[in-house]
Each structure stands twice: as structure tokens, then as C-alpha cells.
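J.:
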Amino acid sequence: MTVETPYQERYRKLKDSAAAGEEALSRQAVIQVGMATCGIAAGAVPVKEAFVRFIEEKNIDARVMEVGCMGHCYAEPLAIISKPGFPALCYGYLDEDLVERLVEDYLLNDDPCYEFALVALEPNDVFPTLSDFPRGVHEKKIVLEHCGFIDPGEIDHYISRGGYSALAEALSGTPATVLEQVKESHLRGRGGAGFPAGLKWEAAVQAGGGTKYVICNADEGDPGAFMDRSILESCPHQVIEGMLLCAYAIGAEKGYLYIRAEYPLAVKRVRLALEQAREKGLLGSSILGSSFNCDLEVFRGSGAFVCGESSALVRSMEGKMGIPATRPPRLAQSGFRGRPTVLNNVKTFAYIPPIINRGVDWFRSIGTEKNPGTAVFSLVGKVAHTGLVEVPMGTTLRELIYDVGEGVANDKAFKAAQIGGPSGGCLPEAAIDIPIDFDSLQEAGAIMGSGGLVVLDEDDCMVAIARYFLEFTQQESCGKCTFCRLGTKHMLDLLTAITEGRGEPEDLEVLERLAWEVKEGSLCNLGATAPNPILTTLRYFRDEYEAHINEKRCPALMCSELIVYYIEPSKCSKLCSVCVGSCPTEAIYTRDDGLKAIDQDKCTKCDNCLKTCPPDYNAVIKLSPPGLLAEKEGGKGA
Amino acid sequence: MSKQVSISIDGRTITAPEGEKLLWVALENGIYIPNLCAMKEKSHPSGSCRLCYVQVEGRAEPVTSCTLPVTEGLSVQTRSPQVDRLVKSAFELLLSNHRLGCGRCPRRKTCELLKMAKERGLKMKLFHLEPLEWPVEIDDSPKTFAFDRSRCLLCGRCVWICQEVAKVGALGFTGRGIDRRVGTFQELSLAESPCTECGLCIDPCPSGALYFKESK
Ligand SMILES: Cc1cc2nc3c(=O)[nH]c(=O)nc-3n(C[C@H](O)[C@H](O)[C@H](O)COP(=O)(O)O)c2cc1C
Ligand code: SF4
Ligand code: SF4
Ligand code: FES
Numbered sequence: 035m036t037v038e039t040p041y042q043e044r045y046r047k048l049k050d051s052a053a054a055g056e057e058a059l060s061r062q063a064v065i066q067v068g069m070a071t072c073g074i075a076a077g078a079v080p081v082k083e084a085f086v087r088f089i090e091e092k093n094i095d096a097r098v099m100e101v102g103c104m105g106h107c108y109a110e111p112l113a114i115i116s117k118p119g120f121p122a123l124c125y126g127y128l129d130e131d132l133v134e135r136l137v138e139d140y141l142l143n144d145d146p147c148y149e150f151a152l153v154a155l156e157p158n159d160v161f162p163t164l165s166d167f168p169r170g171v172h173e174k175k176i177v178l179e180h181c182g183f184i185d186p187g188e189i190d191h192y193i194s195r196g197g198y199s200a201l202a203e204a205l206s207g208t209p210a211t212v213l214e215q216v217k218e219s220h221l222r223g224r225g226g227a228g229f230p231a232g233l234k235w236e237a238a239v240q241a242g243g244g245t246k247y248v249i250c251n252a253d254e255g256d257p258g259a260f261m262d263r264s265i266l267e268s269c270p271h272q273v274i275e276g277m278l279l280c281a282y283a284i285g286a287e288k289g290y291l292y293i294r295a296e297y298p299l300a301v302k303r304v305r306l307a308l309e310q311a312r313e314k315g316l317l318g319s320s321i322l323g324s325s326f327n328c329d330l331e332v333f334r335g336s337g338a339f340v341c342g343e344s345s346a347l348v349r350s351m352e353g354k355m356g357i358p359a360t361r362p363p364r365l366a367q368s369g370f371r372g373r374p375t376v377l378n379n380v381k382t383f384a385y386i387p388p389i390i391n392r393g394v395d396w397f398r399s400i401g402t403e404k405n406p407g408t409a410v411f412s413l414v415g416k417v418a419h420t421g422l423v424e425v426p427m428g429t430t431l432r433e434l435i436y437d438v439g440e441g442v443a444n445d446k447a448f449k450a451a452q453i454g455g456p457s458g459g460c461l462p463e464a465a466i467d468i469p470i471d472f473d474s475l476q477e478a479g480a481i482m483g484s485g486g487l488v489v490l491d492e493d494d495c496m497v498a499i500a501r502y503f504l505e506f507t508q509q510e511s512c513g514k515c516t517f518c519r520l521g522t523k524h525m526l527d528l529l530t531a532i533t534e535g536r537g538e539p540e541d542l543e544v545l546e547r548l549a550w551e552v553k554e555g556s557l558c559n560l561g562a563t564a565p566n567p568i569l570t571t572l573r574y575f576r577d578e579y580e581a582h583i584n585e586k587r588c589p590a591l592m593c594s595e596l597i598v599y600y601i602e603p604s605k606c607s608k609l610c611s612v613c614v615g616s617c618p619t620e621a622i623y624t625r626d627d628g629l630k631a632i633d634q635d636k637c638t639k640c641d642n643c644l645k646t647c648p649p650d651y652n653a654v655i656k657l658s659p660p661g662l663l664a665e666k667e668g669g670k671g672a
Numbered sequence: 013m014s015k016q017v018s019i020s021i022d023g024r025t026i027t028a029p030e031g032e033k034l035l036w037v038a039l040e041n042g043i044y045i046p047n048l049c050a051m052k053e054k055s056h057p058s059g060s061c062r063l064c065y066v067q068v069e070g071r072a073e074p075v076t077s078c079t080l081p082v083t084e085g086l087s088v089q090t091r092s093p094q095v096d097r098l099v100k101s102a103f104e105l106l107l108s109n110h111r112l113g114c115g116r117c118p119r120r121k122t123c124e125l126l127k128m129a130k131e132r133g134l135k136m137k138l139f140h141l142e143p144l145e146w147p148v149e150i151d152d153s154p155k156t157f158a159f160d161r162s163r164c165l166l167c168g169r170c171v172w173i174c175q176e177v178a179k180v181g182a183l184g185f186t187g188r189g190i191d192r193r194v195g196t197f198q199e200l201s202l203a204e205s206p207c208t209e210c211g212l213c214i215d216p217c218p219s220g221a222l223y224f225k226e227s228k
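Chains as they are written, first to last, in my numbering: chain A, 35 to 672; chain B, 13 to 228.
1) Suppose the cutoff is 8 Å on Cβ atoms and the five residues either side in sequence are ignored; what does the same chain contact list for P216 (chain B) look like?
2) Excluding the 5 residues preceding and the 5 following G671 (chain A) in the sequence, name in chain order all residues of the same chain whose CB lies nearer than 6 Å to its CB.
3) Work out the CA separation of A227 (chain A) and R373 (chain A) for me, nearest whole Å.
4) Less than 6 Å between the CB of C617 (chain A) and some heavy atom of ligand 6, yes or no?
5) Can you list, in chain order, the residues of the segment 59–71 of chain A whose Cβ is nearer than 9 Å to any Cβ on chain B?
6) With burial defined as no fewer than 16 other Cβ atoms inside 10 Å of the residue's Cβ, what is the status of K15 (chain B): buried or exposed?
7) What three-state label does DSSP hand M69 (chain A) in the structure shown?
8) Mind listing the chain A neighbours of C164 (chain B)? Cutoff is C-beta to C-beta under 8 Å, in chain order.
9) Give the straight-line distance between the Cα atoms of I154 (chain A) and C460 (chain A), rounded to the nearest whole angstrom.
10) Thinking just about the alpha-carbon of each residue, which of A:E100, A:Y140, A:L128 and A:V101 is nearest to the one in E119 (chain A)?
11) Of all Cβ atoms in chain A, is any one closer than 7 Å to the Cβ of P57 (chain B)?
12) Check whether the Cβ of L166 (chain B) sits closer than 6 Å to any heavy atom of ligand 3, and report yes or no.
13) Please list the terminal residues of the continuous beta strand (DSSP E) segment that includes A480 (chain A).
14) Whose Cβ in chain A lies nearer than 7 Å to the Cβ of T27 (chain B)?
15) Please confirm whether any heavy atom of ligand 3 lies closer than 6 Å to the CB of R224 (chain A).
16) Taking the Cβ atom as the reference point for each residue, do C328 (chain A) and R62 (chain B) lie within a distance shorter than 7 Å?
17) Report buried or exposed for I150 (chain B), applying the criterion of at least 16 other Cβ atoms within 10 angstroms of its Cβ.
18) Measuring only the C-alpha atoms, how far is Q509 (chain A) from L542 (chain A)?
19) So L347 (chain A) contacts chain B; which residues on that side make the cut at Cβ distance below 7 Å?
20) Taking the alpha-carbon of L152 (chain A) as reference, which of A:R576, A:P162 and A:P567 has the nearest alpha-carbon?
21) Give the straight-line distance between the Cα atoms of L663 (chain A) and V160 (chain A), rounded to the nearest whole angstrom.
22) Using alpha carbons as the reference points, say which of A:G126, A:A621 and A:T39 lies closest to A82 (chain A).
23) What residue range is occupied by the uninterrupted beta strand (DSSP E) comprising T196 (chain B)?
24) Closest Cβ-Cβ distance between S101 (chain B) and chain A: below 7 Å?
25) Taking the beta strand (DSSP E) that R97 (chain A) falls in, what are its first and last residues?
26) With DSSP collapsed to three states, give me the class of A384 (chain A).
27) Buried or exposed: which applies to A54 (chain A), given that a residue is buried once 16 or more other Cβ atoms fall within 10 Å of its Cβ?
28) Would you kindly work out how many angstroms separate the C-alpha atoms of N584 (chain A) and P539 (chain A), rounded to a whole number?
29) Can you say whether L107 (chain B) is buried or exposed, counting buried as having 16 or more other CB atoms within 10 angstroms of its CB?
30) Can you give the beta carbon distance from A451 (chain A) to V414 (chain A), rounded, assuming they're within the 8 Å contact cut?
31) Nearest-angstrom Cα distance between P603 (chain A) and L629 (chain A)?
32) Could you check where the beta strand (DSSP E) with A450 (chain A) kicks off and where it finishes?
33) Indicate, with yes or no, if ligand 2 has a heavy atom lying under 6 Å from the CB of R349 (chain A).
34) Taking only three categories from DSSP, how would you classify Y41 (chain A)?
35) Please list, in chain order, all residues of the same chain as C341 (chain A) whose beta carbon is under 7 Å from its beta carbon, the five residues on each side excluded.
36) Using a Cβ-Cβ cut-off of less than 8 Å, list which residues of the segment 188–204 of chain B approach chain A; keep chain order.
And the structure:
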């Protein structure tokens with residue numbers, strides 16, 4: 035048997051006392067309500083209050099706990115109920131009525147109301163578990179392992195599940211061992227570019243002695259991305275432990291979590307977590323009684339998207355304008371305050387404790403050879419089951435969308451997967467059998483980015499989508515360099531002209547050429563990736579651009595300048611007039627024959643009439659190009 | 013004194029101090045590379061104009077020469093089809109945001125854009141892009157010089173001079189993205205600003221944005 039080091043002994047005592055606390059409570063029924071930002075937005079606060087209230091009223095021995103996000107955001111508000119003698123069950127779509135029923139029937143009377151349960155969280159004979167669903171087959175949780183199952187405000191929950199044991203083990207060995215393990219793991223940074231974490235750390239070690247810094251990039255500015263937020267809100271200690279391991283490996287005594295200003299809940303939970311870690315002797319001076327000192331604190335980001343770029347982030351922390359700088363030097367040589375600095379993404383740090391605990395071989399057995407580990411995605415858009423998912427690298431996009439996300443919502447036809455955030459790419463049906471990893475996505479013209487995945491369906495116009503994302507990057511350009519400042523502006527102007535029916539045939543060539551030049555010529559990755567939505571849509575959906583330019587037609591019927599609303603007389607009913615009241619501009623009138631029609635001069639294309647026309651009639655349609663209207667109206671009354 | 017290394021530019025063997033940025037080695041040896049934002053005295057190159065691309069042997073993508081430290085055996089070509097394409101594109105982008113009319117420009121004899129056009133066979137007109145129109149606003153409040161923003165290329169030379177050489181700090185960058193400008197704090201006219209009218213920023217300006225009035 036190996037002898038316990040003093041640090042391991044200290045840790046064991048912490049863990050034993052945490053476990054004892056949990057044990058004492060396990061005789062009680064526990065209700066865990068998902069209270070990350072997603073849950074709260076869906077109404078988790080009144081749900082939690084309802085549980086507390088009903089339990090008090092009925093005088094039940096049960097405890098209500100706040101946990102983070104389990105990843106099943108589509109079914110929020112969610113709660114897990116663990117009652118001794120029953121498997122832990124997860125319930126979704128909760129409201130006060132359902133809560134009352136669960137308290138009454140289940141907590142008081144032992145009927146688990148299986149009809150409302152989504153899934154069981156442990157193997158049992160009565161109810162399916164996660165692995166019985168296609169999603170569960172693909173899912174593999176490393177960074178999300180504890181998210182949604184522990185109270186982020188209780189350090190003991192993390193410790194009792196083995197949290198901080200990697201730190202205790204690392205302290206028992208040398209910093210070089212930790213560095214070696216991270217290098218050997220082949221872990222690639224999850225902030226977008228996929229740079230090997232171990233090499234970055236090694237560069238900081240080689241930069242010599244003296245003051246060094248560890249910074250966690252939690253700026254997460256991509257619209258639609260929320261995994262870093264969820265992780266910090268649901269299991270902040272795993273990120274903190276990862277940062278401490280990094281600090282130990284490179285010899286840093288100070289670190290910062292750069293959290294964007296829009297994430298107040300994450301800031302609050304991280305600050306609380308830091309405080310608790312400090313109290314337990316896991317942070318600050320003489321960590322676990324060793325000679326390793328390291329303190330971490332939160333730095334609140336200023337909000338600009340480009341501040342997520344490494345050199346801009348450091349400059350903004352120094353109180354300068356958040357504008358990217360040229361390399362060399364890299365941050366590992368000269369970063370924050372001119373000192374060697376390791377900057378990694380939230381997820382990158384969250385992988386470190388499991389890697390140290392379970393070993394390099396275990397980690398590399400997951401995912402693919404060049405891309406070990408998992409990929410974390412926020413699955414959003416027109417997908418049936420939105421949420422936060424973690425799957426092994428190498429899972430195909432098709433599996434992610436159809437098995438994990440359960441396909442396209444509302445029986446619509448799949449059109450494209452927009453992957454990698456605003457600077458990612460749009461991949462069509464024919465390209466979604468590629469494995470998800472840094473290299474394959476790049477080859478297909480997209481990027482892993484920070485892991486946003488937006489599913490687009492037949493109603494989405496690819497030109498308008500490209501324009502939408504480019505508008506975002508154009509507005510977020512810092513304006514420093516020529517290609518990005520002026521190139522994105524010209525590309526946006528061209529796309530706007532095309533979506534408004536003012537495009538010329540030669541515009542496509544100019545657009546494509548400019549897109550390549552901005553990609554190759556820009557100073558930082560904001561500019562270098564901004565053209566991806568254009569380049570991929572030109573590559574896979576060129577016919578849609580051509581329809582806009584040559585026929586002034588929007589095939590998806592989305593670009594408002596290229597469509598008109600029309601009421602099909604053969605479908606409209608004299609007995610109905612709901613659309614008339616729905617129109618904000620009073621453009622809809624009743625014809626002499628009692629059917630409705632639209633005065634095109636007044637129509638603002640708000641879509642209200644189409645939405646309100648009852649399914650029995652479905653008389654309101656969109657026409658593109660607008661010229662089709664004359665044909666239709668030619669046969670008026672027929 | 014730092015170590016000397018031997019490098020090759022366009023096939024010419026040149027000896028230079030190790031770590032010196034390639035752009036300066038080339039220029040000092042009479043080899044032209046387009047550039048606007050670089051200043052030798054500046055400790056960290058800004059790398060913003062994106063004009064100084066060169067092709068480095070062994071690297072697929074062109075590299076900006078103002079950020080490229082020379083090392084023993086470095087071999088570069090100042091021109092390649094890729095380099096020419098990027099330079100042409102950056103040049104046209106800058107022109108699309110620059111008020112043309114060289115005939116009446118006070119800096120037509122020293123203009124870096126005209127020099128670049130001549131050296132690289134580029135035309136002072138837009139082929140593919142629409143001009144981005146800005147209102148012409150000329151600040152002629154200083155006694156001896158004037159500032160015509162519609163000709164500014166945002167190279168930042170004047171800003172650096174004003175802050176680091178003159179140590180006045182009247183000029184700075186304002187705005188973000190397409191609204192990035194060179195200007196004074198709170199958009200004051202130069203006469204109202206802390207500007208001492210030392211005039212140090214005028215000669216370094218590569219375009220007709222900052223000029224002495226008598227040269228008009
Ligand atoms: C415009 C821009 C925005 C970025 N935003 C983020 C961000 O929000 N979070 C992040 O981790 N990395 C972001 N990055 C990537 C960082 O520059 C850097 O590569 C990353 O934080 C390094 O961590 P990693 O090696 O763990 O991926 C951004 C890059 C660019 C160019
Ligand atoms: S690429 Fe865009 S964001 Fe990056 S430095 Fe250039 S202008 Fe700024
Ligand atoms: S005014 Fe002249 S020197 Fe100053 S940034 Fe503009 S072009 Fe450069
Ligand atoms: S001179 Fe190199 S980027 Fe401007």
C-alpha cells in the first residue's frame with residue numbers, strides 16, 4: 035500500500051467530514067431543483083418555492099436543494115427527487131400544480147407519478163434510465179459530470195464526490211508530473227482554436243521563474259452559447275481545481291477568472307466557491323498544508339466580444355482598450371503585466387481534475403486519437419430537444435442532431451447545422467456525417483469554436499443567416515486592422531444588397547474573393563473567422579444566392595424585400611375574419627364577395643396574419659418573387 | 013551588440029542583427045515592402061494596416077514583415093501571388109475609405125499610397141468596391157497645420173508620436189469597428205484640445221490627413 039502523504043491525509047479528513055454530512059442527510063427525501071440561468075429563465079424560482087411551501091405545509095421530512103443545469107434545457111424547470119427506497123427520478127416541465135401533486139402523491143404517499151417522470155438517474159427495475167435513450171447512449175460526461183447533481187453553493191457536495199482529490203494528489207508529487215500528465219493527455223484547448231494545453235503550459239514553465247499568472251477565459255460572447263456559463267453556475271469548483279493544478283504546474287501564485295459582465299449569477303457562485311475553498315484551506319496560502327500558495331479572484335469582463343481574444347483580454351485586464359495585439363510574444367512568454375501567463379477556457383480547466391484522477395490513458399480512450407475527450411455543445415435553434423450536451427469527440431453531427439437532439443422540431447425539414455458560433459460555418463445535410471472534432475470541422479469550412487450548434491430548417495434563408503452572423507462580427511470588430519474593419523463592412527453591404535434584391539451577378543465573385551482575403555489577411559481570429567458563414571453558405575447553398583440575385587426570389591420565403599403576403603381566395607372563408615384584427619396596419623380588407631385580401635401598400639410583412647389564420651384554412655401564404663402576385667391577382671375571384 | 017544573422021530577401025543575402033523585424037532590414041537595404049502602421053521606435057508593432065505581407069520559405073501563408081523577427085537562415089520573397097493578392101485587397105479596402113482627389117492633395121509628393129501604387133503597379137481607383145462615404149470634416153483650427161479626417165488611413169503614427177514623443181496625448185483612437193477614428197478626447201477641435209501645435213505628427217503622416225497649411 036502506498037503511504038498517504040500529509041496533503042492526502044488532510045484531504046481525506048475534509049472528504050470524510052463532507053461525506054458524513056451528506057450521509058446524515060441521505061435518510062431524507064431530497065429535491066434538487068435546476069437553478070442555473072436556463073432553469074431560472076424557465077421559472078425554477080417559483081417551482082422551488084412551491085416545493086418548500088408544500089413540504090412545510092404538509093410537514094414532510096424532505097430537503098429542497100438548488101443545483102445547476104443538467105443539460106436538458108428543453109424540459110425546464112426540472113427537479114430530481116431522491117426518496118429513500120425509490121430510484122432518483124427526474125421530472126420536467128414543472129409548475130406549481132405539478133409540484134403540489136408530486137408532494138402530495140409521491141413524498142406523502144409513495145406514488146412516484148411515473149407519468150410525469152422523464153428519466154431515472156440510477157439503474158432500477160421500474161423506470162428507464164438515461165442510457166435507455168439515444169441521447170444517453172451518445173452522452174459521455176466529463177466536464178458536465180457533476181452539473182445539475184450537486185449544489186454549486188456547497189463545497190462539500192463537490193468534495194464528497196472526490197472533488198479536490200486531484201489537487202491533493204498533485205501536491206504529493208511534483209509540478210513536473212502534472213505538466214507531463216497534461217501534455218501526455220493531448221488535451222486541446224476548448225476555447226475555439228484547439229491548441230494543446232500541455233504545450234501552452236510548458237511554454238510558461240520555460241519562460242523562467244518569477245511571477246506568473248493563470249487566467250480562465252469565461253468571456254463567452256458567442257450569441258447562443260452558454261456552456262461556460264452553465265459550468266460556472268453548476269460546478270464552479272471543478273474549474274477552480276483545474277486552475278489550481280495549472281498554477282501548481284507552472285509555478286503561478288495568482289490567477290483570475292475573467293467572467294463576462296452579463297453573467298452575474300456565475301460571478302456570484304464563483305465568488306462563493308472561492309470563499310469556501312479558502313475556508314477549507316484549498317485556496318490561498320499553504321494549500322492543504324503544503325508550501326504551494328495560490329489565490330484566485332474574479333475579474334468582471336467589460337462586455338465586448340473581442341475581449342475574449344487572448345491578447346485583448348489581457349489588455350482589458352490591464353485597464354487598456356480591449357484590442358488584439360500582434361504576436362510574438364505569446365501570452366505564455368509575456369502576458370498579464372508582461373509576465374508569463376496561461377490563459378485557458380473554462381472547459382479546458384474543467385478537464386484537468388478528471389485527467390489527473392483517472393489518468394492519461396483513460397482520457398485518451400475517449401474521443402479520437404488527435405482529439406481526445408469530449409465536446410460540449412449548446413444545442414439550440416430548430417431542434418426538438420435543446421440543451422447542453424457532452425459527447426465524445428468523433429460523434430457525428432448527425433448523431434448529435436438526430437439522436438441527442440431528437441431531430442428537427444415541428445416536423446420541418448432539416449436545412450443546415452450552424453456550428454462554431456457567429457464565425458462558424460453552415461453545413462448541409464450532405465455534410466453532417468462528419469465526425470465532430472477540431473480538424474474535421476475545419477476541413478468542412480466550419481470551426482469548433484466555443485461549441486454553439488444552431489439547427490436551421492427549411493424556413494431559414496441561408497443568405498439571411500450569413501448576413502445575420504456577419505452583422506454580428508462586423509459590429510464586434512474592434513476596427514484596428516484594415517481587412518476586418520473595412521472588409522466586414524463591404525461584405526455586409528453586399529449581403530444586405532443581395533437580401534434586399536439589389537444584388538448583381540458579379541457581386542458573388544467580389545464577395546467570395548473578399549471573404550478569402552479577410553480570412554487570410556486579418557490580424558486576429560475575429561476577422562480571420564468572420565467570413566466562415568459566407569464561405570460555407572457560398573459553398574453549400576450557392577443556388578440560394580443565385581435565386582436572390584438572378585430571380586429576386588428568396589427560396590425560404592424569409593427575406594422581406596423579396597416576398598409578399600397573399601390570401602388565397604380559394605382557401606379563405608367568408609365566416610372568418612381573425613386576420614383582419616391581427617394586422618397592425620389595417621392592411622387587410624373584406625372584398626365584395628366577403629373574402630379577405632391584403633392592401634400591399636399598407637402591408638409591413640409582420641407575419642401576424644399568417645400566424646393567426648386558423649389551420650383549417652391556412653389561406654395566408656408568402657410569394658417570392660413579389661412578381662408572382664400579379665399572376666395570382668390576374669385570376670382574382672376565380 | 014546583438015548577434016548578426018544572415019538572411020535572404022528576394023535571393024539577396026543580407027546580414028542583420030538577430031531579432032530585428034524583417035520590414036526594417038528590407039527597407040534599410042533598399043528593398044521596398046508596403047507599410048503604413050510600422051514605426052521602428054515603437055516597442056511593439058501594431059500590425060494593423062496589413063500591407064507588409066511577405067512570403068516566408070517553409071510557410072504556406074504570407075506573414076506580416078513588421079512582426080517577423082529575423083533569424084539565421086530566414087529566407088523570404090517580398091512578392092508572391094498570395095502576397096500580391098492580399099496587398100492589392102488591403103490597398104483597395106483603404107482606398108474605399110479614403111477621399112481621393114490626388115491632384116488637389118497637399119501631400120501628393122510624399123504620399124505613401126501613391127508610392128505603394130507605383131512600386132506595386134496598383135491603381136488609385138476602386139475596381140470592385142463601392143466607396144464608403146463619410147462627411148468631409150477638416151479641422152484647420154491649429155495655426156500652422158490642418159487635419160482632414162476623410163484622408164486618414166488609421167495608421168496610428170501621429171497617435172504614437174503625440175503620446176510617446178511629444179508626450180502630449182492630444183491625439184488618440186476613438187470609436188470601435190467601422191467607427192474607429194483618430195481624434196481628440198471628446199471630439200474637441202485641435203485648438204481646444206491639449207495639442208501644443210508642436211507639429212511633430214505632420215511629417216510622419218503617410219497621407220493627406222495631416223498637412224502644413226503653407227504646403228497646400
Ligand atoms: C474574437 C474572439 C473571441 C474569443 N472569445 C473567447 C471566449 O469567449 N472564451 C474563450 O475561452 N476563448 C475565446 N477566444 C479564444 C481565445 O483567444 C483563446 O484562444 C482561448 O481562451 C485559449 O484557451 P484554450 O486554449 O483553452 O482554448 C476568442 C477568440 C477570438 C478571436
Ligand atoms: S481582425 Fe478585427 S477584431 Fe481582430 S484586430 Fe483586426 S479589426 Fe480588430
Ligand atoms: S492622421 Fe495620418 S498619421 Fe495619423 S493615423 Fe491618420 S494617416 Fe496615420
Ligand atoms: S506595417 Fe505591418 S501591418 Fe502595417
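Ideal Cβ positions, reconstructed from N, Cα and C, are used throughout, including at glycine.
T.: So, to answer that:
1) M51, R169, C170 and I173
2) Here the model assigns G671 (chain A) a pLDDT of 44, short of 50, so the residue's position is not dependable, and the following value carries that caveat. Taken in chain order, the list of residues that qualify is empty.
3) 23 Å
4) Questions concerning ligand 6 fall outside what the structure shown contains, since the ligands it does hold are ligand 1, ligand 2, ligand 3 and ligand 4.
5) none
6) exposed
7) coil
8) Chain A residues near C164 (chain B): none, gap ~13 Å exceeds 8 Å.
9) In the sequence as presented, Ile is not what sits at residue 154 (chain A); that position holds Ala. Straight-line Cα distance between these residues: approximately 36 Å.
10) The residue asked about is misnamed: residue 119 (chain A) is Gly in this sequence, not Glu. Nearest C-alpha to G119 (chain A): A:Y140.
11) Against chain A, the CB of P57 (chain B) has a partner CB under 7 Å away; the residue lies at that interface.
12) yes
13) Run containing A480 (chain A): none; DSSP gives neither H nor E here.
14) The premise fails here: T27 (chain B) is roughly 22 Å from chain A at the closest Cβ pair, so nothing lies under 7 Å.
15) no
16) no
17) exposed
18) C-alpha separation (whole angstroms): 22 Å.
19) Under the 7 Å cutoff, chain B gives no residues; its nearest Cβ is about 16 Å from L347 (chain A).
20) A:P162
21) 59 Å
22) First, the amino acid is wrong: residue 82 (chain A) is Lys here, not Ala. Answer by Cα proximity: A:G126.
23) R193 to T196
24) yes
25) A96 to V101
26) The three-state reading of DSSP puts A384 (chain A) in helix, counting H, G and I together.
27) exposed
28) 7 Å
29) It counts as buried.
30) No, A451 (chain A) and V414 (chain A) are not in contact; Cβ-Cβ is about 11 Å, not under 8 Å.
31) 7 Å
32) F448 to I453
33) no
34) helix
35) D253, G335, L347, S350 and G356
36) R188, G189, I190, D191 and R192
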